[in-house]
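Engineer:
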Amino acid sequence: MQFSILLSMFIFSFTLSISPGPINISILSSSLMHGFRKTLPFISGASIGFSLLLIFLGFGISKTIMHYPTFFMILGVLGSLFIFYIGQKIICSKAEVEISNNIAAANFMDGFLLQWLNPKAWIACLSGISLFSSPVSYHPFILFTLIYFITCYICLMLWGISGHKLAKILTNSRQLKILNTIMGGSLIILSSYMLIKLFWVK
């Protein structure tokens, strides 16, 4: 396979994985509140969840789903509600400078489900499939899935490390509460925009 194709696969995967979104903000908040190590299950769930979604859509399912636009509306509603839930959970979390041991950190299943209910993940999968799959062989798609999994995992870990480093900069609970409000609020605004776009924007 040509190097240019491999490079294109990596750039596509890196750009979509590193850019801010519900998953990235949730990881930043979780690592900030609970530490990087306790956030790893969420990162693993998100990375594996996305890869399985990519495989699920890549092996022919995407062509079937495209004929049912109602499915994407239902997905948009469920995804918006789940993102809203994550946002209010971040805002309502107890603001403590010390790493919290009393409040449960986001787990593997949270990361997994958030990917499957995240419209951004579905769009990324469908775009990647259209760009890097071949009608004569599954090899390019399998390679793309592997590259995306590794790239996604590394990018999400970088967001987790950033949250851990940020926790050392914050000096009091008020600063942490402000940051939680900004991160959680951005998710709530995003979920609200998604719902408005679904029902009111033509």
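Each residue of the sequence shown is one higher than the one before, counting from 1 in UniProt numbering. From the three backbone atoms N, C-alpha and C, an ideal C-beta is built for every residue, glycine too.
Determine the closest residue to Pro22 out of Met73, Ser80, Ser8, Leu53, with distance taken between C-alpha atoms.
Structural biologist: Within the sequence shown, numbered from 1, the residue matching residue 22 stands at position 22. For the residues Met73, Ser80, Ser8, Leu53, the minimum Cα distance to Pro22 belongs to Ser80.
Engineer: Measuring alpha carbon to alpha carbon, tell me which of Met33, Leu28, Ser47, Phe3 ends up nearest Cys125.
Structural biologist: The count along the sequence shown starts at 1 and reaches residue 125 at position 125. For Cys125, the closest alpha carbon among the candidates Met33, Leu28, Ser47, Phe3 is that of Ser47.
Engineer: In this structure, how does DSSP classify Trp200 when only helix, strand and coil are distinguished?
Structural biologist: Sequence index remark: in the sequence shown, residue 200 carries index 200 (1-based). Here Trp200 sits in coil by DSSP.
Engineer: Between which two residues does the alpha helix (DSSP H) carrying Tyr85 extend?
Structural biologist: Counted from its first residue, the sequence shown places residue 85 at position 85. Here the alpha helix (DSSP H) through Tyr85 covers 69-92.
Engineer: When you compare the CB positions of Trp159 and Ile11, do they come within less than 8 Å of one another, or not?
Structural biologist: As a working note, residue 159 is residue 159 in the sequence shown. As a working note, residue 11 is residue 11 in the sequence shown. Contact flag unset, no.
Engineer: Identify, in the order they occur along the chain, each residue of the same chain with its Cβ nearer than 6 Å to the Cβ of Pro41, setting aside the five sequence neighbours on each side.
Structural biologist: By 1-based counting over the sequence shown, the position of residue 41 is 41. The answer, listed in chain order, is Asn107, Phe108.
Engineer: Going by alpha carbons, who is nearest to Leu198 out of Ile150, Ile18, Ser8, Phe72?
Structural biologist: As a first step, residue 198 is located in the sequence shown; it is residue number 198 there, counting from the start. Closest option to Leu198, Cα to Cα, is Phe72.
Engineer: Suppose contacts are defined by Cβ-Cβ distances below 8 Å. Is Ser17 in contact with Leu113 by that definition?
Structural biologist: The residue labelled residue 17 in the question sits at position 17 within the sequence shown. The residue labelled residue 113 in the question sits at position 113 within the sequence shown. In this structure, Ser17 keeps its C-beta atom at 8 Å or more from the C-beta atom of Leu113.
Engineer: Identify which residue in Ile55, Ile161, Ile196, Gly184 has its Cα closest to the Cα of Arg37.
Structural biologist: Against the sequence shown, residue 37 aligns to sequence position 37. Closest option to Arg37, Cα to Cα, is Ile161.
Engineer: Sort Ile188, Lys120, Ala167, Phe59 by Cα distance to Gly35 and report the nearest one.
Structural biologist: What you label residue 35 is simply residue 35 of the sequence shown in a count that begins at 1. Cα-wise, what sits closest to Gly35 is Ala167.
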